[in-house]
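The structure appears below as structure tokens.
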Amino acid sequence: FHDRDGVIWFDGEMVPWRDAKIHVLTHGLHYASCVFEGERVYNGKVFKLTEHSERLVRSGEILGFRIPYSAAEIEKATNDVVKAAGMVNGYVRPVAWRGSEMMGVSAQANKIHLAIAAWEWPSYFSPELRMKGISLQISKWRRPAPDTAPTASKAAGLYMICTMSKHAAENDGFQDALMLDYRGLVAEATGANIFLVKDGAIHTPTPDCFLDGITRRTVIGLARRRGYQVVERAISADELKDFTEVFLTGTAAEVTAVGRIGDITYTPGEITKALMLDYDALVNGRLADAAAAE
Ligand code: PMP
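The opening residue of the sequence shown carries number 6 in UniProt numbering; numbering runs sequentially from there.
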């Protein structure tokens, strides 16, 4: 990914893509003092840019560091990168981390860096698969408790269990993994939130140990706008067999149908399809954003 043309915004400057480098003794690399965002560009504009920029700042604060740019400055830098890339539809990755001045667990004086890259990324899962439904393997890794890890931060360190879960799932022929939490409750996929449908109502786990995704909130708004009942509650793994439709939401995944969790199969139905279409209409400016407000 490092060997391509283009520019990356790096600590306030646009640098050639290949020159956006860090030292190997970077604290963020050794001790995971690093937070990031994932954003999507539709028709040249970042969807929910303010929400993402504010979450990035908050994620850093949760890890105990202050990004030396305000959310408004991060927004401007992001828009500059998207413009420099001439991007119409794509993905943006802001990342902030502790630098390499001190080496050791304590690194109070280390400089906080920020970089923002943007690239073309059409679909997280192929369009056919998104309609048909992807398969999820239940991971052996659990989402940690909020007093065990900084679960409200989009912290790079939390993605260690996501990568292990996703690789295990892929190696066993699944597209993604479903992670349970430390209590054994249904939590989320490796990069997206989960929704489950039963008797015309939409159920989704209470986000008390994983990200309350920006897409999750948007889709809850879209669902209520359509008059669907949305219930946020604790969902046990034993209940998975009781649902008829399942879908994921996330900036990258957008709204993606799930066709199988372990041995249980689901058929993408009316609710999943309606929300896929509504989300597509919203991000492409065919539905007023106000309509999606909760
Ligand atoms: N959970 C995880 C682990 C994620 O990586 C993401 C993607 N950021 C989400 C949920 C969904 O968050 P959002 O809708 O804000 O992209």
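Note that the Cβ used here is the ideal one computed from N, Cα and C, for glycine as well. Only a predicted model underlies this, so the values are computations on that prediction, with no experimental measurement involved.
Please classify residue i: is it buried, with 16 or more other beta-carbons within 10 angstroms of its beta-carbon, or exposed?
i, result
"residue 2", "The first residue shown for the chain is 6 and the last is 299, placing residue 2 beyond what the model contains."
"HIS28", "exposed"
"GLU299", "Bear in mind that the predicted position of GLU299 carries a pLDDT of just 49, short of 50, making it too unreliable to give a figure here."
"PHE6", "exposed"
"PHE15", "buried"
"VAL110", "exposed"
"GLY17", "exposed"
"LEU30", "exposed"
"GLN180", "buried"
"THR272", "exposed"
"ALA112", "buried"
"ASN198", "buried"
"MET108", "exposed"
"ASP204", "exposed"
"ASP24", "exposed"
"ILE13", "buried"
"ARG71", "exposed"
"GLU275", "exposed"
"VAL236", "exposed"
"LYS159", "buried"
At a cut-off of 6 angstroms, would you count residue i as near the ligand PMP, judging by its Cβ distance to the nearest heavy atom?
i, result
"ILE219", "yes"
"GLY91", "no"
"GLU59", "no"
"ALA161", "no"
"LEU216", "yes"
"GLY196", "yes"
"GLY255", "yes"
"GLY226", "no"
"GLU237", "no"
"GLU259", "no"
"residue 343", "As displayed, the chain neither begins before 6 nor continues past 299, which places residue 343 out of reach and without an answer."
"GLU193", "yes"
"GLY95", "no"
"GLY43", "yes"
Kindly indicate the opening and closing residues of the alpha helix (DSSP H) around residue i.
i, result
"PRO132", "132-137"
"HIS35", "32-36"
"HIS208", "Segment 206-210 is the beta strand (DSSP E) holding HIS208; no alpha helix (DSSP H) there."
"MET165", "164-176"
"THR195", "That residue, THR195, is in no alpha helix (DSSP H); it is neither H nor E in DSSP."
Can you tell me the Cβ-Cβ gap for residue i and residue j, rounded? I've got them flagged as a contact below 8 angstroms.
i, j, result
"PRO155", "ILE67", "5 angstroms"
"LEU280", "LEU227", "6 angstroms"
"ARG103", "GLY11", "Contact doesn't hold; Cβ gap of about 26 angstroms is too wide."
"VAL202", "PHE248", "6 angstroms"
"LYS137", "GLY264", "6 angstroms"
"PHE200", "ILE207", "5 angstroms"
"GLY43", "THR223", "Their Cβ separation, rounded to whole angstroms, is 14 angstroms, which puts GLY43 and THR223 out of contact at 8 angstroms."
For the beta strand (DSSP E) containing residue i, name the first residue and the last one.
i, result
"MET184", "181-186"
"GLU66", "Here GLU66 belongs to no beta strand (DSSP E); instead the alpha helix (DSSP H) covers 54-67."
"ARG231", "From DSSP, ARG231 is part of no beta strand (DSSP E); its letter is neither H nor E."
_Pairs of beta-carbons, one from the segment 177-197 and one from the segment 138-151, closer than 8 angstroms: are there three or more?_
yes
*Do the segment 236-252 and the segment 32-41 make contact, defined as three or more Cβ pairs closer than 8 angstroms?*
no
*Three or more C-beta pairs below 8 angstroms linking the segment 44-63 and the segment 80-96*: yes
*asked:* Quick test of the definition: if touching needs 3 or more C-beta pairs under 8 angstroms, does the segment 154-171 touch the segment 119-135?
replied: no
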